[in-house]
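S.K.: The opening position of the sequence shown corresponds to residue 61 in the numbering used here, with each subsequent residue numbered one higher.
Using N, Cα and C, we set each Cβ at its ideal position, and we do this for glycine too.
No experiment lies behind these values; they were computed from the predicted model shown.
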Amino acid sequence: MSRSAEEKQISQGEQIRRRRGRFQAEAELIEAETEKIVSEEQIEVETEQIKAETEQIGTETEQIKAETEQIGTETEQIKAETEQIGAETEQIKARRTDCFVFGSQYNLIRRVSGGYNGGREARLRENWKLFGENRWTATRLLGHPFLVHSD
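(1) If we ignore side chains and look at the alpha-carbon of each, how far apart do threonine 121 and alanine 112 end up?
(2) Out of curiosity, what's the CA-to-CA distance linking isoleucine 97 and alanine 85?
(3) Report all residues from its chain with a CB closer than 6 Å to the CB of arginine 77; omit the five preceding and five following residues, and keep chain order.
(4) Could you compute how far the alpha carbon of threonine 142 sits from the alpha carbon of threonine 149?
(5) Could you compute how far the alpha carbon of leucine 89 sits from the alpha carbon of isoleucine 110?
(6) Between glutamate 129 and threonine 135, what straight-line distance do the alpha-carbon atoms span, to the nearest angstrom?
(7) With a threshold of 6 Å on Cβ separation, who are the neighbours of serine 62 within its own chain once the five nearest residues in sequence on each side are excluded?
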């Protein structure tokens, strides 16, 4: 072999090595880009998952807001019912006071006028007290002390 043929072979071998190196570099670059694409796809998938979770959180937040509004409405109803009960309680207290005043007036009238049946009831009560514990005698002589008779 001549020197030029050897040089030619050597230069061809070097070219092949260079090509292999270039192909290997390109293969590594393609592999890196593939990994990058895979990681970008994974990022997209994770982004979609995050979007779905965010939408779910938004829905849950709306439900919580609705429940809070419902609780507020129920609280207002309870307050109104409490106020109504308070007003009814005041009315009952006023009626009890009226009844007490009426009862006091009734008792006062009975004492002053001697009763509504011309004084017979008052006399019976006084006589009843005179006989003390002997109720049978008082009942027999005066009639039953708790019955109201008209004269």
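M.R.: By the coordinates alone:
(1) Working through the sequence shown from its first residue, we reach residue 121 at position 61. Working through the sequence shown from its first residue, we reach residue 112 at position 52. Roughly 14 Å between the two C-alpha positions.
(2) In the sequence shown, counting from the first residue as 1, residue 97 sits at position 37. In the sequence shown, counting from the first residue as 1, residue 85 sits at position 25. The straight-line gap separating the alpha-carbon atoms of isoleucine 97 and alanine 85 is approximately 18 Å.
(3) Taking the first residue of the sequence shown as 1, we reach residue 77 at position 17. So no residue of the chain qualifies.
(4) For the purposes of this step, residue 142 is taken as the residue at position 82 of the sequence shown. For the purposes of this step, residue 149 is taken as the residue at position 89 of the sequence shown. In a straight line, the C-alpha of threonine 142 is about 10 Å away from that of threonine 149.
(5) On the sequence shown, position 29 is the one that residue 89 refers to. On the sequence shown, position 50 is the one that residue 110 refers to. Note on geometry: alpha-carbon atoms of leucine 89 and isoleucine 110 lie some 31 Å from one another.
(6) Residue numbering aside, residue 129 sits at position 69 when the sequence shown is read from its first letter. Residue numbering aside, residue 135 sits at position 75 when the sequence shown is read from its first letter. Near 10 Å, if we compare the C-alpha coordinates of threonine 135 and glutamate 129.
(7) Residue 62 sits at position 2 when you count from the first residue of the sequence shown. Scanning its chain for C-beta atoms nearer than 6 Å, with the 5 sequence neighbours on each side dropped, one finds no residue around serine 62.
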